[in-house]
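*Asks:* Numbering-wise, my numbering puts 1064 at position 146 of the sequence shown, and it's gapless, one number per residue.
Beta carbons: idealized from backbone N, C-alpha and C, even for Gly.
After the structure tokens below, expect a handful of questions from me.
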Amino acid sequence: MKQLLLLSIFSIFIFLFVAEAKMFTDVWSSCGKSTDTFKITNVTISPDPPIKGQKVSIYASGELKDVISGGKINIQIKLGFITIIKESKPICSSENPLPCPIQPGEYSHSVDVTIPNSAPGGKYSGNFVLTDQTNDEIACIDVNLEL
């Protein structure tokens, strides 16, 4: 249940290939490089920070510089110091709402997720690194929040 909850919250970033997110609040921060393929232009999170038992609305938009025909997202999520998710998923999969190849251009996406009251309390941290078909970084984001 914890894994599905966290993956739902962060799914928007899997779909959008988040990069230089300098306007994020203290919950989100970019770990990307200036050469990343995706540039974030707007992010709105409400409520910020997310609260157990409430709906969280996330909207993000940005611009993709290059064609993406493959690649992967490396996901690591911890509750405290315990790793609860560490996996790699293909970008071009049936879970992605954009079929590959993904063409350059502006993209936006929003998602609403309700965080169950039963979600374990504590300090969560996550790292999401997206790479393209040549293993070049598309985007990188770090997430830190407390429930």
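(1) Starting from Leu982, follow the beta strand (DSSP E) in both directions and report where the run begins and ends.
(2) Along the chain, which unbroken stretches of the alpha helix (DSSP H) at least 4 residues long are found entirely within the segment 1021 to 1063?
(3) Counting pairs of Cβ atoms below 8 Å between the segment 1036 to 1056 and the segment 943 to 953, do you hit three or more?
(4) Helix, strand or coil: which one does DSSP assign to Val961?
(5) DSSP three-state call for Lys996: helix, strand or coil?
(6) Would Ser979 pass as a contact of Ile958 if the rule is Cβ separation under 9 Å?
(7) In three-state terms, what does DSSP make of Lys970?
(8) Starting from Ser987, follow the beta strand (DSSP E) in both directions and report where the run begins and ends.
(9) I'd like to know if the segment 1013 to 1020 and the segment 983 to 997 are in contact, where contact means that at least 3 CB-CB pairs between them fall below 8 Å.
(10) Give me, in chain order, the residues of the same chain whose beta-carbon lies closer than 6 Å to that of Lys973; leave out the 5 immediate sequence neighbours on both sides.
*Replies:* Well, looking at it:
(1) Indexing the sequence shown from 1 puts residue 982 at position 64. Counting along the chain, the beta strand (DSSP E) containing Leu982 begins and ends at 973 to 982.
(2) none
(3) yes
(4) Counting from 1 along the sequence shown, the entry for residue 961 is found at position 43. Strand at Val961.
(5) Taking the sequence shown and counting its residues from 1, one reaches residue 996 at position 78. Here Lys996 sits in strand by DSSP.
(6) Residue numbering aside, residue 979 sits at position 61 when the sequence shown is read from its first letter. Residue numbering aside, residue 958 sits at position 40 when the sequence shown is read from its first letter. Result yes, Cβ atoms of Ser979 and Ile958 sit closer than 9 Å.
(7) Stepping through the sequence shown from its first residue, residue 970 is reached at position 52. Three-state DSSP puts Lys970 in coil, outside helix and strand.
(8) Residue numbering aside, residue 987 sits at position 69 when the sequence shown is read from its first letter. Ser987 -> no beta strand (DSSP E), and no H or E assigned at all.
(9) Short answer: they touch.
(10) Here the question's residue 973 lines up with position 55 in the sequence shown. These residues qualify, in order along the chain: Asp1030, Thr1032.
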